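Protein chains in written order, with the numbering used here: chain A, 469 to 712; chain B, 469 to 712.
Every residue gets a Cβ at the ideal spot worked out from N, C-alpha and C, and that includes glycine.
Predicted model, so just to flag it, every value in this text is computed and none were measured.
Written below as structure tokens is the structure these notes are about.
Number of protein chains: 2
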Amino acid sequence: MSITVNELKTACSQCNLIELCLPFGMSECQLRQLDALIGTRRKVKRQHSLYRNGDPFEAIFAIRTGSFKTDVLLEDGREQVTGFQMTGEILGLDGISSEKHSCNAIALEDSEVCVIPYARLEQLAREIDGLQHQFHKVMSREIVRDHGVMMLLGSMRAEERLAAFLLNMSHRFTARGFSSAEFHLRMTREEIGSYLGLKLETVSRAFSRFQEEGLITVQQKHIRLLDSAGLRKLVHHHGVAEPH
Amino acid sequence: MSITVNELKTACSQCNLIELCLPFGMSECQLRQLDALIGTRRKVKRQHSLYRNGDPFEAIFAIRTGSFKTDVLLEDGREQVTGFQMTGEILGLDGISSEKHSCNAIALEDSEVCVIPYARLEQLAREIDGLQHQFHKVMSREIVRDHGVMMLLGSMRAEERLAAFLLNMSHRFTARGFSSAEFHLRMTREEIGSYLGLKLETVSRAFSRFQEEGLITVQQKHIRLLDSAGLRKLVHHHGVAEPH
DNA sequence: GGGATTGGTTGACGTGGGTCAACGCCGAAC
DNA sequence: GTTCGGCGTTGACCCACGTCAACCAATCCC
Chain A
469 MSITVNELKT ACSQCNLIEL CLPFGMSECQ LRQLDALIGT RRKVKRQHSL
519 YRNGDPFEAI FAIRTGSFKT DVLLEDGREQ VTGFQMTGEI LGLDGISSEK
569 HSCNAIALED SEVCVIPYAR LEQLAREIDG LQHQFHKVMS REIVRDHGVM
619 MLLGSMRAEE RLAAFLLNMS HRFTARGFSS AEFHLRMTRE EIGSYLGLKL
669 ETVSRAFSRF QEEGLITVQQ KHIRLLDSAG LRKLVHHHGV AEPH
Chain B
469 MSITVNELKT ACSQCNLIEL CLPFGMSECQ LRQLDALIGT RRKVKRQHSL
519 YRNGDPFEAI FAIRTGSFKT DVLLEDGREQ VTGFQMTGEI LGLDGISSEK
569 HSCNAIALED SEVCVIPYAR LEQLAREIDG LQHQFHKVMS REIVRDHGVM
619 MLLGSMRAEE RLAAFLLNMS HRFTARGFSS AEFHLRMTRE EIGSYLGLKL
669 ETVSRAFSRF QEEGLITVQQ KHIRLLDSAG LRKLVHHHGV AEPH
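Written out as structure tokens, the structure is:
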């Protein structure tokens, strides 16, 4: 079996990811109440899935270590990566609407998640003031994020998309205490391409071009941002000419 | 001022949109409790906005009559339409995450919405069993919908996108008791294009081509689907060749 | 009612990124 | 250490869609 169920009981109040995760902004006292929330932890090996499209929905998941991608598949086999998730981020919200998961969540590296049984979450959300609101915020943030991706896919050119992607990764690494200028991508060029609506060759060429222009250095999956202001400019200025 | 505030008190229990809207699936008794939920109604004239990016978030909105588009703007003026909303659908969920709205909601025709003060919703969600769950479903559905749009934008070609769009509209009109084969689009070619990540000329050409091929008839905004099976095939078969 | 404005269609042409193919690098297996 | 398979890079070519422009239809508004 691809998944190891680990019966270790865990507690939000002891976790060092609270400021990134569902319990963000809750009081000491509320946090202790929250410890009833987490069921178990679960380990997921690289390339294995946490859940698949069609699986019955029972819980959402908070990433403790590692990272994931989510994707949807078209009947003819085309894949669309809908997101990359890092520690503290929540997976599985798509399943609430139909009581079945509607995408696949696949580990990009050996990872571990906290299993949050959804029925228990609803229960506690009614009791603990602030949890409900926090959960709504998490869902809302997901919606806002998705709108940003639509903007990427619908209105930006290849290099703008990749620049926006790199800045977003940098931002999220920073929030986790890692370097904002230097990081290791866990996903392949093809997965980046799928996420950005591009082919892997286009992604690869854009990386090379950014390197030629002195914006970044690339060595396989290891990225160093040399000029993030330059990248930011690339995203917003529609490529070339200044108006007036 | 672009908006008329109408102090008519309204009640979910009297509304004929319940099976499409937030109260879906709730019991008679719960429905009566729900009547405390709606604040006022508000009329929004065609082309006017219900809320704009940056506005403080206070309420979500259920569409009673009319329709809307939501969009996000890039600093250089590029617009991305993130969705079209019809009666019974909920607007404003994006605002919960940051306590400010993060997109613009603009009426496509003279419309009316129910104002649902968010604080009151959170309150009632704690009291009325089922409302919380229903609200979560609405948010989750929005996330799933967004993933579908990403699939469109990231992995489909122009005609596939338009075919998927037409089928989606047909589906939603049907759910509202209108003809599934004949309907009136409230948005312009440019808005459709923005939503689908295409230019208006490409949208126009794809409409013409569908007409030539006998899939639909087009007269301005009036669409008749002649062969929705053909459209469906178009979406899933990657355009041309059959495998094997 | 007529002129202006907005939205839609169509054609000719250009180009960003897709496609196809060759090749190189690196880590895993043994 | 050698082999192998997956991943990444690069080049040559092509095509789907964007761009630009002309024109028409519908609607708005004095």
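Per-residue contacts from R609(B) into chain A (C-beta, under 7 Å): For the purposes of this step, residue 609(B) is identified with residue 141 of the second sequence, where counting begins at 1. Those within 7 Å of R609(B) in chain A are S565.
Nearest-angstrom beta carbon gap, I528(B) and G551(B) [assumed within contact, 8 Å]: Here residue 551(B) corresponds to residue number 83 of the second sequence, with the count starting at 1. Here residue 528(B) corresponds to residue number 60 of the second sequence, with the count starting at 1. Between I528(B) and G551(B) the Cβ distance is about 14 Å, and since that is not below 8 Å, they are no contact.
Measuring straight from C-alpha to C-alpha, what distance separates E580(B) and Q591(B)? Sequence index remark: in the second sequence, residue 580(B) carries index 112 (1-based). Sequence index remark: in the second sequence, residue 591(B) carries index 123 (1-based). Roughly 25 Å separates the two Cα atoms.
Would you kindly check if the distance between the Cβ of V612(A) and the Cβ of D539(B) is under 7 Å? Position 71 of the second sequence, counting from 1, holds the residue named residue 539(B). Position 144 of the first sequence, counting from 1, holds the residue named residue 612(A). No, the Cβ-Cβ distance between D539(B) and V612(A) is not below 7 Å.
Positions along the region 609-625 of chain A whose CB lies within less than 7 Å of some CB in chain B: Taking 7 Å as the cut-off between beta carbons, the residues of the region 609-625 of chain A near chain B are R609, E610, I611, V612, D614, H615, V617, M618, M619, L621, G622, S623, in sequence order.
Span separating the alpha-carbon of T685(B) from that of F678(B): One-based indexing of the second sequence puts residue 685(B) at position 217. One-based indexing of the second sequence puts residue 678(B) at position 210. Their Cα atoms are separated by approximately 8 Å.
Can you find the residues in the same chain that come closer than 7 Å, C-beta to C-beta, to H690(B), ignoring five residues on each side of it along the sequence? Taking the first residue of the second sequence as 1, we reach residue 690(B) at position 222. Setting aside the 5 residues that flank it on each side, H690(B) is surrounded in the same chain by H652, each with a C-beta closer than 7 Å to its C-beta; the list follows chain order.
Length of the line joining the Cα atoms of P491(B) and T555(B): The residue labelled residue 491(B) in the question sits at position 23 within the second sequence. The residue labelled residue 555(B) in the question sits at position 87 within the second sequence. Rounded to the nearest angstrom, the two C-alpha atoms are 14 Å apart.
Does any residue of chain A have a CB that is nearer than 7 Å to the CB of K605(B)? The count along the second sequence starts at 1 and reaches residue 605(B) at position 137. K605(B) counts as touching chain A.
Return the residue from the list K513(A), G598(A), T642(A), L518(A) that minimises the CA-CA distance to Q501(A). Residue mapping note: residue 501(A) aligns to position 33 of the first sequence, counting from 1. Q501(A) has its Cα closest to that of G598(A), out of K513(A), G598(A), T642(A), L518(A).
Through-space distance from G616(A) to D523(A), alpha-carbon basis: Counting from one through the first sequence, the residue named residue 523(A) turns up at place 55. Counting from one through the first sequence, the residue named residue 616(A) turns up at place 148. Whole-angstrom Cα-Cα distance: 27 Å.
Considering only residues of the same chain and omitting the five flanking positions on each side of R520(B), which have a CB-CB separation below 6 Å? Here residue 520(B) refers to the residue found at position 52 when the second sequence is read from its first residue. N572, listed in sequence order.
When you compare each of H704(B), D578(B), E659(B), I584(B) to E627(B) by their alpha carbons, which one comes out closest? As a first step, residue 627(B) is located in the second sequence; it is residue number 159 there, counting from the start. Nearest of H704(B), D578(B), E659(B), I584(B) to E627(B), Cα basis: H704(B).
Candidates L499(A), R654(A), L634(A): closest to S515(A) by CA position: Translated into positions along the first sequence, residue 515(A) becomes position 47. The amino acid at residue 515(A) is misidentified as Ser; the sequence shows Gln. Taking each of L499(A), R654(A), L634(A) in turn and checking the Cα distance to Q515(A), the smallest one comes out for R654(A).
Hey, is V540(B)'s beta-carbon within less than 7 Å of any beta-carbon in chain A? Your numbering for residue 540(B) matches position 72 in the second sequence. Chain A, which has a Cβ nearer than 7 Å to the Cβ of V540(B), makes this yes.
For Y519(B): DSSP bridge partner residues: Along the second sequence, read from residue 1 onward, the residue named residue 519(B) stands at position 51. Partner(s): A573(B).
Taking the DSSP output, what are the residues bridged to G551(A)? Mapped onto the first sequence, residue 551(A) falls at position 83. Paired residue(s): T538(A).
Counting only beta-carbon separations shorter than 7 Å, does E543(B) have a partner in chain A? Walking along the second sequence from the start, residue 543(B) turns up at place 75. Cβ-Cβ to chain A under 7 Å: yes for E543(B).
Comparing the C-beta of G665(A) with each C-beta of chain B, is any distance below 7 Å? In the first sequence, counting from the first residue as 1, residue 665(A) sits at position 197. Using a CB distance cut-off of 7 Å, G665(A) counts as an interface residue toward chain B.
Could you check how far apart the C-beta atoms of K537(B) and I574(B) are, in whole angstroms? I think they sit under 8 Å. Locating residue 537(B) in the second sequence gives position 69, counting from the first residue. Locating residue 574(B) in the second sequence gives position 106, counting from the first residue. About 5 Å separates the Cβ atoms of K537(B) and I574(B), confirming a contact at the 8 Å cut-off.
Quick one: list the residues of chain B neighbouring L561(A), beta-carbon separation under 7 Å, in chain order. The residue you call residue 561(A) lines up with position 93 of the first sequence. What L561(A) touches in chain B: S608, I611.
Tell whether a beta-carbon distance below 7 Å holds between D614(A) and D578(B). Your numbering for residue 614(A) matches position 146 in the first sequence. Your numbering for residue 578(B) matches position 110 in the second sequence. Not closer than 7 Å, so no.
Between the region 577-601 of chain A and chain B, which residues of the former have CB atoms less than 7 Å from a CB of the latter, in chain order? Residues E590, A593, R594, Q600, H601.
Is it buried or exposed, A697(B), if we count other Cβ atoms within 10 angstroms and call 16 or more buried? Position 229 of the second sequence holds residue 697(B). With fewer than 16 other Cβ atoms within 10 Å, it is exposed.
For chain A, is any of its Cβ atoms less than 7 Å away from the one on V510(B)? The residue given as residue 510(B) occupies position 42 in the second sequence. The question names Val, yet the displayed sequence has Arg at residue 510(B). No, R510(B) lies away from the interface with chain A (no Cβ there is under 7 Å from its Cβ).
If I'm right that L694(B) touches L683(B) with Cβ under 8 Å, what's the distance once you round it to whole angstroms? Sequence index remark: in the second sequence, residue 694(B) carries index 226 (1-based). Sequence index remark: in the second sequence, residue 683(B) carries index 215 (1-based). Taking the Cβ atoms as the reference, L694(B) lies roughly 6 Å from L683(B), within the contact range of under 8 Å.
With DSSP as the reference, label K513(A) as helix, strand or coil. Residue mapping note: residue 513(A) aligns to position 45 of the first sequence, counting from 1. Here K513(A) sits in coil by DSSP.
Provide the residue span of the alpha helix (DSSP H) that contains L683(B), from first to last. In the second sequence, counting from the first residue as 1, residue 683(B) sits at position 215. Per DSSP, L683(B) belongs to no alpha helix (DSSP H) and is neither H nor E.
Coarse secondary structure for Q660(B), derived from DSSP in three states: Looking up residue 660(B) in the second sequence gives position 192. Rather than Gln, the amino acid found at residue 660(B) in this sequence is Ile. Looking at I660(B) - three-state DSSP - the assignment turns out to be helix.
Taking a Cβ distance cut-off of 8 Å, strictly less, list which residues of the region 480-492 of chain A are near chain B, in chain order. From the region 480-492 of chain A, no residue has a Cβ closer than 8 Å to chain B.
Alpha carbons only, please: which of L499(B), H569(B), R546(B), S608(B) is nearest the one belonging to S517(B)? Here residue 517(B) refers to the residue found at position 49 of the second sequence. The shortest Cα separation from S517(B) among L499(B), H569(B), R546(B), S608(B) belongs to H569(B).
Contact with chain A by H639(B), beta-carbon distance below 7 Å: Position 171 of the second sequence, counted from the first residue, corresponds to residue 639(B). Output row for H639(B): interface = no.
Close beta carbons around S647(A), own chain, < 8 Å, minus the five adjacent residues each side: The residue you call residue 647(A) lines up with position 179 of the first sequence. Non-local beta-carbon contacts of S647(A) in its own chain, meaning distances under 8 Å to residues more than five positions away in sequence, involve F641 in chain order.
Would you kindly report the start and end of the unbroken beta strand (DSSP E) that includes F529(A)? Residue mapping note: residue 529(A) aligns to position 61 of the first sequence, counting from 1. Where F529(A) is concerned, the enclosing beta strand (DSSP E) stretches over 527-533.
R546(A) by DSSP, collapsed to three states: which one? Translated into positions along the first sequence, residue 546(A) becomes position 78. Three-state DSSP puts R546(A) in coil, outside helix and strand.
Interfacial residues, the region 676-708 of chain B to chain A, with Cβ spacing under 9 Å: So the close ones are V703, H704, H705, H706.
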